[in-house]
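Report on one structure; see the data block that follows.
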Amino acid sequence: MTASSETISKPEIAKTERAQISAHYTKSNKRKIYFILFLVILMFIFAGVAATLGSYQISFTEVYSILFHCLFHSVETYEEYAVWELRLPRILLAILAGMGLGVAGTMMQGILRNPLAEPYTMGIASGAGFGAALVIILGIGTDVIGGYSRYALIASSFIFALVPACVVLAMVLYRKPTPGTLVLAGISMLYIFSALTMLIQVPANPDAVKVAQFWAVGSLERASWQDIFPISIVLACCLPLLMWKTWDINILNAGDEIAESIGINVKRTRIFVMMVSAVLTAGVVCFVGAISFVGLVSPHICRMAIGADNRFLLPASAIFGAVLLLLADTIARTVAAPLVIPIGIVTAIMGTPLFLYLILKKKGEYW
Amino acid sequence: MRLKIKAMEFGYGSVTILKDVSMELAESEVLGVVGPNGAGKSTLIRCIDRIISPQKGSILVDGGEIKKMSSTDRAKKIGYVPQGVAQVFPTTVFDTVLMGRRPHFGWWSRKEDNEKVLDMLELLHLEQFAMRGINELSGGQQQKVFIARALTQEADILLLDEPVSALDIRHQLEVLNVVRKVVKERGISVMISIHDLNLASRFSDRLLMMHNGTIFATGSSSSVFTPENIKQVYGVEANVSRHGGRNYIAPDKPVEE
Amino acid sequence: MSTSSETGTKVRLERKKVEQSYNKYIRKKIYYIILFFVIVLFIAGIAVALGCFPLSVSEVYSIIFQGPSTETLGEESVWLLRLPRILLAILVGFGLAAAGTMMQGTLKNPLASPFTLGIAAGASFGASLALYLAEGEVYGQYLLVGFAFLFALVPTLIIMLLTSFRRATPETMVLAGIAMLYLFGAFQGLVQFFSSPTTVQAAVIWGVGTLARASWSHVSVAAIVLICFIPLLMWKAWDVNILDAGDEAAESMGVNAARTRVIVMVITTLLTAGLVCFTGTIGFIGLITPHICRMFMGGDNRFLILVAGFFGAALLLSADTVGRMVIAPESLPVGILVNLIAGPMFLIMLLRKKEGYL
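Protein chains in written order, with my numbering: chain A, 1 to 367; chain B, 368 to 624; chain C, 625 to 982.
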């Protein structure tokens, strides 16, 4: 009977289909992991190349022998100093800052459900800029940033970076604002703090204004080993916390009500992620300034490549941010050497065409 | 014939959504479009209103080719209520309905436009909501407001894409009764896509059953809703019975594949 | 029989009631327009009497009513300094707020402002370039205005080019605008990198926006810009209302959504560029005034343009007047005060508003 043969084969069809789907799903997840691995390899290659480039001529092999040497010995020669004390911290800082910004951008876009969100959406950059301008212009020390005022600068910009975020957070506690309201509040804080910055810049010494202005654009110029440790601690604390919340943020994307019904405390999740992202961003920004574009563009580009699942998107966008910043810094150092162009300028000029190309190429609504 | 479609074809890139669709819509007729999800109902409706442009075939409204009409002229002939509508900024019900007068006045509403809005609010019993924000209303009320907006366009053809799918039974009946009422009073023609076969059967003069982007069957309820057709199109075993002049379709179980 | 006629009268009464409440609702909006217009006049009346040159209120008004003359120092300070500055504040405030209203409507994004599509970044870059090229030259002022205007148009041109390849959806336009913002911001940074600190500071101050350079020629050009473009915006206001119903619904009502968006974008760009090339980019007004006005009078763009316009004019004028007074005889750039006044005001409004808004 044909009918009976059909009924026999049906579960088998089902089973093969099931296996196919499962294989397909695993494959698509594997593809995402490959993408991340590819980025990691890219990062190492860039870092390796970046270490050999610089105004001081040192050959490729020499650089690596110096690196190995310095792992176990203290710095003695001038070559060793250039590689170990100047280039290496700078490369590491680029990687760490890029990771931090990429991660914070992904989280803010996820939490606020807004493609325009970035690490600075809550006004963090303008808060930090104000803090920095305060130190530079009102002059704790001179208009040359040196020993003591360097710490004051970092501390002041870190603290003021968190002020706008705290105001926005206070709004969440006080009311239950929607993502739209939060974004508007962030923008208000941005305008208020940039006005305050202007207020102290207008009557100030022009040299100090230029320094403050370029601090705000962001630079890796002052990288040193002393910066690496605090910034890695910030990353080491914040990244796992955010990674832990990625699945919840995926669900949040389905809408507040659905998320509540699945058992997520929407308000608490939003506050938690915003707070951790703010600390992460402030921790990065107070060392390198408000480098633009990385936090906005990394999540977008990675989302176009591997989709919106935050569990994969978060690490991918972290590494992508690191790659982008590393590449930008290398270009900034070499393109007009010995002049070093502020890195924020390079990230923007590099990132824009890529971003535009992706907007145009992508069909349908990926967001 | 108000609306006449000949050999229309539509696709996105290499994927064909509608194949060789030909159909007609008469005056004062309610044409119910049924078919499973993905059969092409929404696509057909959107093609008729030129929201999307079909690659082949012709669509004639009152003998005129729709593709040659200006968008304002088209809007005077065809009204359309899409499935999901999301408004960003809050608007009142009155203003929302007034939007439907867009093809008739360029910029500022005249007294007669306001009168038309009032007529529609009355017809659909929306008077008490007139000054409320549209986002404060329930789903059924919102749907009525959107239908009112399409009706104030005073088009002869009204396209409704799943207007009752999200409504409770009372609102379903109310909305569909309103549709019947305006068809009777104003002689307009309505094309309505609908999932509930019993509602489709009861409120349509004629039915159009779609399957995989083609028209599978067309005609009266009794000729379209046969157990054989339902089985082929939906993959569902169903019983069709007759009570008091109406057909009742009772789905039984999915056909085992 | 009697019941049907009773329901008939009841229905007619209902209709009457709806009509009345709608008329009241429209009238309320018109009252708002009048109210804010009066407020603008009122503030202008006060502002003209304030200044560092000691003149009494009656002296100021007698100088104004005697007609234009610049014989005495008092007449000069009123006719050449205060009046053009006040008028420019009104015109610029009005224009930016109206442009912001329409940008928010067409892009369906509450964060949109006249500067969303990169106009400010383009203008600032042009200004920085002009300041760098003409450091200390006499023709610097003209170059500044010219470059600021021209480069303000460039981002919009690029976005128009891009949207000719892809449908002009709000998402595409906003994202492209952000890209322009960063790109021109970077170009500006590059120019400033090579500029002297004094030039950088001048560019920073230009970027905040100031009315200190107001003159009658600025006022007349700004007035022409407004007269040309505000009616065009008003003409599209109704279509923009309809866009909010969604692109498909708008198309079915005969509004070509993508084309409307591009037209409005071009009008607002010309309007904004024509104003900010004189004053610098006064950022907050175009974003915030439409929101504030929408909160208390609802969203109909035909009225909102005017209400937001007058509100913006009042806001900019009062900010500038405060800026003239706080550290007189020096004046603070108006952009700073706008942000400091409107920022907290907006935050408070956001906090007080229940969940209905956005």
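Ideal Cβ placement from N, Cα and C applies to all residues, glycine included.
Checking contacts by CB at 9 Å: is residue i closer than that to chain A?
i	result
Pro821 (chain C)	yes
Tyr806 (chain C)	yes
Arg621 (chain C)	The shown model of chain C, from 625 to 982, leaves out residue 621 (chain C), and the question about it has no answer.
Phe666 (chain C)	no
Leu697 (chain C)	no
For residue i, does the three-state DSSP call read helix, strand or coil?
i	result
Tyr447 (chain B)	strand
Lys732 (chain C)	coil
Arg222 (chain A)	coil
Tyr81 (chain A)	helix
Gly102 (chain A)	helix
Glu529 (chain B)	coil
Asn614 (chain B)	strand
Tyr379 (chain B)	strand
Thr26 (chain A)	helix
Asp944 (chain C)	helix
Arg791 (chain C)	coil
Pro315 (chain A)	helix
Arg573 (chain B)	strand
Arg369 (chain B)	coil
Phe808 (chain C)	helix
Met487 (chain B)	helix
His471 (chain B)	coil
Pro621 (chain B)	strand
Say whether chain B places a C-beta atom closer than 9 Å to the C-beta of residue i.
i	result
Val879 (chain C)	yes
Asn595 (chain C)	Absent from the model: residue 595 (chain C). The displayed extent of chain C is 625 to 982, so no value can be given.
Arg706 (chain C)	no
Counting contacts by CB-CB distance shorter than 9 Å, is residue i in contact with chain C?
i	result
Met171 (chain A)	yes
Ile187 (chain A)	yes
Lys548 (chain B)	no
Gln213 (chain A)	yes
Phe293 (chain A)	yes
Glu494 (chain B)	yes
Met558 (chain B)	no
Arg175 (chain A)	yes
Met369 (chain A)	Here chain A has residues from 1 to 367 only, and residue 369 (chain A) is not among them.
Quick check: what's the CA-CA separation for residue i versus residue j?
i	j	result
Val549 (chain B)	Lys245 (chain A)	53 Å
Glu80 (chain A)	Ile66 (chain A)	6 Å
Cys166 (chain A)	Ile561 (chain B)	50 Å
Val276 (chain A)	Phe158 (chain A)	14 Å
Gly263 (chain A)	Cys302 (chain A)	28 Å
Gly56 (chain A)	Glu62 (chain A)	First, the amino acid is wrong: residue 56 (chain A) is Tyr here, not Gly. Taking the straight line from one Cα to the other gives about 12 Å.
Ser820 (chain C)	Leu705 (chain C)	30 Å
Trp247 (chain A)	Ala836 (chain C)	53 Å
Leu525 (chain B)	Asn925 (chain C)	27 Å
Tyr656 (chain C)	Val931 (chain C)	7 Å
Tyr447 (chain B)	Asn265 (chain A)	39 Å
Ala208 (chain A)	Ile136 (chain A)	6 Å
Phe970 (chain C)	Val163 (chain A)	17 Å
Enumerate in chain order the residues of its own chain whose CB-to-CB distance from residue i is below 7 Å, with the five nearest sequence positions on each side excluded.
i	result
Leu564 (chain B)	Val401, Phe592 and Ile616
Gly147 (chain A)	The predicted model places Gly147 (chain A) with a pLDDT of 39, which falls under 50 and marks its position as unreliable; any figure quoted below should be read in that light. Nothing listed; no residue qualifies.
Here's a check: name, in chain order, each residue in its chain whose Cβ is nearer than 6 Å to the Cβ of residue i, leaving out the five neighbours to either side.
i	result
Lys373 (chain B)	Ser389, Gly424 and Ser425
Ala185 (chain A)	Val168 and Met171
Measuring from the CB of residue i, is there a heavy atom of the ligand MN at a distance below 8 Å?
i	result
Met171 (chain A)	Looking at this structure, you won't find the ligand MN or any other ligand, since it has none at all.
Using 8 Å as the threshold, is the segment 770-789 of chain C in touch with the segment 747-754 of chain C, meaning 3 or more CB pairs across them?
Segments in contact, yes.
Check whether the segment 542-556 of chain B and the segment 584-594 of chain B touch, using three or more Cβ-Cβ pairs below 8 Å as the test.
The segment 542-556 of chain B, when compared against the segment 584-594 of chain B, does not touch it at the 8 Å Cβ threshold.
Any chance the segment 312-332 of chain A sits against the segment 120-134 of chain A, with 3 or more Cβ pairs inside 8 Å?
Contact between the segment 312-332 of chain A and the segment 120-134 of chain A is absent: fewer than 3 CB-CB pairs across the two stretches fall below 8 Å.
May I ask you to verify whether the segment 223-241 of chain A touches the segment 74-91 of chain A, counting CB pairs closer than 8 Å and requiring at least 3?
Taking 8 Å as the limit for Cβ pairs, the verdict is that the segment 74-91 of chain A does touch the segment 223-241 of chain A.
Between the segment 887-900 of chain C and the segment 680-688 of chain C, are three or more C-beta pairs nearer than 8 Å?
Not touching, per the Cβ criterion.
Three or more C-beta pairs closer than 8 Å, one from the segment 202-219 of chain A and one from the segment 249-269 of chain A: is that the case here?
With a cut-off of 8 Å on Cβ pairs, the segment 202-219 of chain A is not in contact with the segment 249-269 of chain A, counting fewer than three such pairs.
Whether or not the segment 775-792 of chain C and the segment 877-887 of chain C are in contact is what I'm after, with contact meaning three or more pairs of Cβ atoms, one per stretch, closer than 8 Å; do they touch?
With a cut-off of 8 Å, the segment 775-792 of chain C and the segment 877-887 of chain C count as touching, because enough Cβ pairs lie within range.
The segment 757-768 of chain C contacting the segment 787-797 of chain C, beta-carbon criterion three pairs below 8 Å:
Contact between the segment 757-768 of chain C and the segment 787-797 of chain C is absent, because fewer than three Cβ pairs lie under 8 Å.
Looking at C-beta atoms only, is the number of pairs between the segment 16-36 of chain A and the segment 44-54 of chain A that lie closer than 8 Å three or more?
Touching, no, given that fewer than three Cβ pairs across the two stretches are closer than 8 Å.
When the Cβ atoms of the segment 856-868 of chain C are set against those of the segment 810-828 of chain C, are three or more pairs found closer than 8 Å?
With a cut-off of 8 Å, the segment 810-828 of chain C and the segment 856-868 of chain C do not count as touching, because too few Cβ pairs lie within range.
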